[in-house]
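The working numbering applies: residue 502 is where the sequence shown begins, and numbers increase by one.
All residues carry an ideal CB built from backbone N, CA and C; glycine is no exception.
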Amino acid sequence: MDNDHFNIRQMIRSDLSSIMAIDQKVYTSPWTEKVYEQEINHNPHAYYAVVEIDNVVAGYAGAWIVMEDAQITNIVVDPDYRGRKLGKSLFKHMLQVAMLHGAERLSLEVRASNQVAQNMYRQFGLVPGGIRKNYYQDNHEDAVVMWVNLR
Ligand SMILES: CC(C)(COP(=O)(O)OP(=O)(O)OC[C@H]1O[C@@H](n2cnc3c(N)ncnc32)[C@H](O)[C@@H]1OP(=O)(O)O)[C@@H](O)C(=O)NCCC(=O)NCCS
């Protein structure tokens with residue numbers, strides 16, 4: 502399958518069943534639908550996007566943008582659709598949205614073991630800025646804080 506018909510747009514409530522299905526595949530402790538609903542409908546600082554292929558939601562990303570600081574909350578591609586540049590397309594979109602909202606820097610936390618995501622972030626100029634020890638509750642893994650200047 503190619504990416505001819507991929508499309509990135511803002512997440513809406515009717516996407517949440519697809520988001521739940523992706524999260525079930527990827528996470529042992531996924532966010533609840535209520536948390537996403539709160540994020541997309543009631544958090545004025547949150548922006549969430551989905552990527553679709555042929556109208557099927559294949560991944561999503563979220564960010565909080567507060568003044569000059571943008572923070573990626575999540576970026577996930579359905580395992581069935583990985584390796585087709587959808588993650589990169591989504592991340593590029595999030596960088597553009599952050600810049601459009603006036604953010605001057607963007608940061609995120611990533612598991613120390615997650616080399617795939619770290620490789621992707623490095624391609625967009627993100628560099629490690631610190632370590633949060635025992636950050637992840639499930640296995641006490643450290644988080645690497647990565648960031649990039651957007652100005
Ligand atoms: C990280 C993730 C979103 C990437 O999505 P994807 O659509 O498969 O990624 P892309 O095809 O756009 O590739 C993006 C880059 O990731 C890296 N990458 C992708 N697959 C990789 C692999 N198997 N091994 C090493 N690096 C890999 C590469 O740098 C790649 O760029 P390149 O192909 O130009 O070299 C996806 O793996 C995912 O959902 N992972 C689980 C959730 C997660 O870890 N999210 C990040 C939380 S901080």
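Inset, instruction - Along the alpha helix (DSSP H) that carries A613, what are the first and last residues, could you check? - result: Within the sequence shown, residue 613 is the residue found at index 112, counting from 1. Per DSSP, A613 belongs to no alpha helix (DSSP H) and is neither H nor E.
Legend entry - Per-residue DSSP class, three states only, for G588: In the sequence shown, residue 588 corresponds to position 87, counting from 1. Correct three-state label for G588: helix.
Inset, instruction - Output yes or no for whether 7 Å exceeds the beta carbon distance between V552 and L591. - result: By one-based count along the sequence shown, residue 552 stands at place 51. By one-based count along the sequence shown, residue 591 stands at place 90. Yes.
Legend entry - When H543, H641, S518, K586 are compared against N508, the one with the closest alpha-carbon: Numbered from its first residue, the sequence shown carries residue 508 at position 7. Checked all of H543, H641, S518, K586; the closest Cα to N508 is K586.
Legend entry - DSSP beta-bridge partners of P629: One-based indexing of the sequence shown puts residue 629 at position 128. Bridge partners of P629: M647.
Inset, instruction - Return yes when the C-beta of G617 is under 6 Å from any heavy atom of ligand 1, and no when it is not. - result: The residue given as residue 617 occupies position 116 in the sequence shown. Before going further, note that residue 617 is Val rather than Gly in the sequence given. True, at least one ligand heavy atom lies under 6 Å from that Cβ.
Legend entry - N650 vs R606 beta-carbon contact at 7 Å: Start at 1 with the first residue of the sequence shown, and residue 650 comes out as number 149. Start at 1 with the first residue of the sequence shown, and residue 606 comes out as number 105. It is a contact, given that the beta carbons lie within the stated cut-off.
Legend entry - Sequence-distant residues of the same chain with beta carbon closer than 8 Å to R510, five excluded per side: The residue labelled residue 510 in the question sits at position 9 within the sequence shown. Excluding sequence neighbours, R510 sits near A550, V551, E553.
Legend entry - Contacting residues, own chain, Cβ-Cβ under 7 Å from A599 (five flanking each side not counted): In the sequence shown, residue 599 corresponds to position 98, counting from 1. Cβ within range, chain order: A564, I566, A571, L607, L651.
Inset, instruction - Could you tell me the boundaries of the beta strand (DSSP E) in which A564 lies? - result: As a working note, residue 564 is residue 63 in the sequence shown. From DSSP, the beta strand (DSSP E) with A564 extends over 557-567.
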